[in-house]
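Take a look at the structure below.
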Amino acid sequence: MKTIRTGPLSLRVSERAVLTCLAVAALTAVTAVTTMVTGDFPLTVGEVLSTFVGQGDGASEFVVLTLRLPRLLTGLLVGAALALSGAILQSLSRNPLASPDIIGFTQGSATGAIAVIVLFQGGMTAVATGSAVTGLLTSAAVYLLALKRGVQSSRLVLIGIGVSAMMLSVNSYLITRATLEGALAAQAWLVGGLNNRGWDHVRVIAAALAVLLPCALWLGRRLALLEMGDTAATGLGVDVERTRLALLAVAVGLAAVATAVAGPITFVALAAPQLARRLTGASGPGLAAAALVGGLLLVVGDLAVQRLFPTTPLPVGIATGAIGGLYLVWLLATEWRKGSTR
Amino acid sequence: MRRGIGLALSVGVLGFVVLLSLWVGTKNIPFTATWDLLLRDDGSGDAAIIRDVRVPRALLGVLVGAALGLAGALMQALTRNPLADPGLLGVNMGAAAAVVSAIAFFGVTSATGYVWFALAGAAVVSVAVYVLGSTGRGVVGPDRLVLSGAALGAVLYAFISAVLLLHAHTFHSFRFWNVGSLAGRTLEVVGQVAPFILPGILIAFLLAPSLNVLALGEHTGKALGANPNRTKGFGVLAITLLAGAGTAAAGPIGFVGLAVPQVARMIAGSDQRWVLSYSAVLAPVLLLGADVIGRVLIAPQEMEVGIITAFLGAPVFIALCRRRKPARL
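Protein sequence lines correspond, in order, to chains S and V.
According to the numbering used here, the stretch in the first sequence is residues 1318 to 1659, in order.
According to the numbering used here, the stretch in the second sequence is residues 18 to 346, in order.
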């Protein structure tokens, strides 16, 4: 731990956390460059850079500016948003398994998307809108059902489980009653993907992050106090109920935009905060590190599905599940062998 | 005393639901005739429906329900996490991955055929999760098991999704297994899974006293002479037998194992002997009751039991969570 003081302000910084964040950012940059230069239409770094400043030929301009860059940016931002959302919820509920599904968000948004796909054969925008609307409504319902002279974390989690189970049964019903094509489209949406994502998607997720990321980081300091328990936090001067509601709103907002843009990409919200916490060795929520790891996880996953299966456009959720899962398994195994008790 | 009366009442309700499940169905058979045909086979079509279709289904509902309820109660007690269900140990994912492989690569298409694959998959994956979750020195904390299960589950989910998206015809069969249903199961399936479920039930109840000690925390439990790692090992064995066989027979029915133990704790407090007893009785009530409702709701079609359990069980569960303070684990 280092303390930086400038005049009346002072900031405590963990060296290991800063180094980890820098390393993750560097890895993300390497992956991004690899994504930009490899593929069916290989380019050199120089060609990519000259395309950025408007000096490239027509083909490379199309490949770089229309195909690869928006997809890369969408992945990076969606990963960061999901990881932030997961980190906030895991810290709020003090449960390492928490992700946007504990407040019913994931299953609720799936209900909207599947209904639009199966019942109305809607297009991409309709599916995105449907998922965001039902996701937000479901989360609001969970919060209101858990509200009774304040919201206890344990009750919120339990009611989230109940509502999620209900929505899941609706989803299963829709999938079993749909035609095979409709069911397949729904299944593909459920895994989450970045195929055919363009600048519209980048704009949506970037705008959302520009608003919600500062809110999350600002509230993050109080989140660390909330982790000590409601009573201790109240004693330290935190308005517990209001802070919790604000944090829930930020987490759900991030998850809603990310899901609308790319579908419920599996495992990022759960794994990224856990990976970040273990890499930085931090005891607090560590929101910035989680966001960086989430972005990296999604970018690496997308590179893997694009290059390993060039002919079949598999959704990125398959790669994030496999890579994130295996990496977490390895990390847990090595950490525990060393005898850490956490 | 109050808990004893409650348990007796629950058993009575279970008996009533079993009777309902024998009597109610797409084919309308009068109640008294149902009873007669149950006792003696007169060779008629109605007798065949009751003896070959409804009896195995009721038996399976009771067995699978009790298995899922007990497995859920054990899982929540071992991990001390209310989010935990047997699925976390990788049981559902293991079974699903095996069933997907069976359909896609071995061409298996019947419920009887799925059973062995699902059992093997559930066993292999839950052992892997347990081994990963208990590597290292010292006392194994509950979070490790949960995180290992989640991590391996994600890898399997990726595998399942990839196979399903690449093989459309596999997805067609799999989506019906994946909902969870008791329909179309014969006495053969009951015979296949009973040898796994019955020992599982026995182990679960024998473990109850050690679980009570474990609830004080690993370190206190150890100081009081309990052996947390042995309790965990046997607990995982029982969960694998119970949930593995239950999932193999009826598909992944997640909500029962998750919600019923919570309700049992709200009624019975934190004594695991009572929690396990209530879970074992209330879970089949929910499962079989949902199965009966599924038969009449959109008759002559049937709604899969997995859909109904969650859709009708969840509101009751939510109401209970609002009324009572959640019991501590």
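Every residue, glycine too, gets a C-beta built ideally from N, C-alpha and C.
About 7 angstroms separates the CB atoms of Ala1579/S and Thr1391/S; that is less than 8 angstroms, so the two are in contact.
Within its own chain, the residues whose Cβ lies closer than 8 angstroms to the Cβ of Asp63/V, once the five positions on either side in sequence are excluded, are Lys44, Ile46, Ala50 and Leu54, listed in chain order. Residue range Leu204 to Leu231 is occupied by the alpha helix (DSSP H) that includes Asn229/V. By the Cβ criterion, the segment 310-328 of chain V is not in contact with the segment 246-260 of chain V, since fewer than three pairs of Cβ atoms, one from each stretch, lie closer than 8 angstroms. Shown here, Thr1391/S sits in a helix according to DSSP, grouped into three states. Using beta-carbon distances, Arg1466/S does not count as an interface residue toward chain V, since no partner is under 7 angstroms.
The CB of Ser61/V never comes closer than 9 angstroms to any CB in chain S; the least such distance is about 33 angstroms. Look at His189/V: its C-beta is under 7 angstroms from a C-beta on chain S. The beta carbon of Ser287/V sits no closer than 7 angstroms to any beta carbon of chain S. Residue state for Thr257/V is assigned as helix, using DSSP reduced to three classes. When the beta-carbon positions are compared, Leu87/V and Ser287/V stay at least 7 angstroms from each other. At a cut-off of 7 angstroms between C-beta atoms, Val1508/S counts as an interface residue with respect to chain V. Interface with chain V (7 angstroms Cβ-Cβ cutoff): Thr1423/S is excluded. Judged by DSSP in its simplified three-state form, Thr187/V adopts helix. Restricting attention to Ala1404/S, Gln1372/S and Met1353/S, the CA atom closest to the CA of Val1610/S is found in Ala1404/S. Note on Asn246/V: under 16 other CB atoms within 10 angstroms of its CB, so exposed under the neighbour-count rule.
At least one CB atom of chain V sits nearer than 7 angstroms to the CB of Val1646/S. With respect to the C-alpha of Ala1608/S, the residue from Leu1562/S, Gly1618/S, Gln1591/S and Gln1623/S having the closest C-alpha is Gln1591/S.
Ranked by how close their Cα comes to the Cα of Leu173/V, the residues Gly1642/S, Ala1650/S, Val1450/S and Ala1541/S have Gly1642/S in first place.
Residues of the same chain with a CB within less than 7 angstroms of the CB of Leu1648/S, apart from the 5 flanking positions on each side, are Leu1592 and Arg1595 in chain order. Where Ile1522/S is concerned, the enclosing alpha helix (DSSP H) starts and stops at Trp1516 to Leu1543. Here Pro269/V is not near Ala83/V, since their CB atoms are 7 angstroms or more apart.
DSSP, reduced to helix, strand and coil, places Leu1360/S outside both helices and strands of the structure shown, so it counts as coil.
Among the residues of chain S, those whose CB is under 7 angstroms from the CB of Ile324/V are Ser1486, Ser1489 and Tyr1490, following chain order. Fewer than three pairs of CB atoms, one per stretch, sit closer than 8 angstroms, so the segment 1561-1569 of chain S makes no contact with the segment 1432-1448 of chain S. Neighbours of Val1480/S in chain V, taken as residues at a C-beta separation under 8 angstroms, are given in chain order as Ala331 and Ile335. If you look at Ala65/V, you'll find it in the alpha helix (DSSP H) that goes Gly62 to Ala65.
Against chain S, the CB of Ser296/V has no partner CB under 7 angstroms away; the residue lies outside that interface.
Taking a 10 Å sphere around the C-beta of Thr1548/S, we find fewer than 16 other C-beta atoms and assign the residue as exposed. For Ser118/V, no chain S residue has a Cβ inside 7 angstroms of its Cβ, as the nearest lies near 16 angstroms away. Using a Cβ distance threshold of 7 angstroms, Thr1493/S and Arg202/V do not count as a contacting pair.
For the alpha helix (DSSP H) assignment, the uninterrupted runs of no fewer than 4 residues enclosed by the segment 1375-1455 of chain S are, from N- to C-terminal side, 1375-1378, 1386-1410 and 1422-1437. Between Val196/V and Ser1489/S, the C-beta spacing is below 7 angstroms. Distance between Phe1369/S and Gln1438/S, taken at the CA atoms: about 38 angstroms. Arg1539/S counts as buried, since at least 16 other C-beta atoms from the protein chains shown sit within 10 angstroms of its C-beta.
The three-state secondary structure of Ser143/V, taken from DSSP, is helix.
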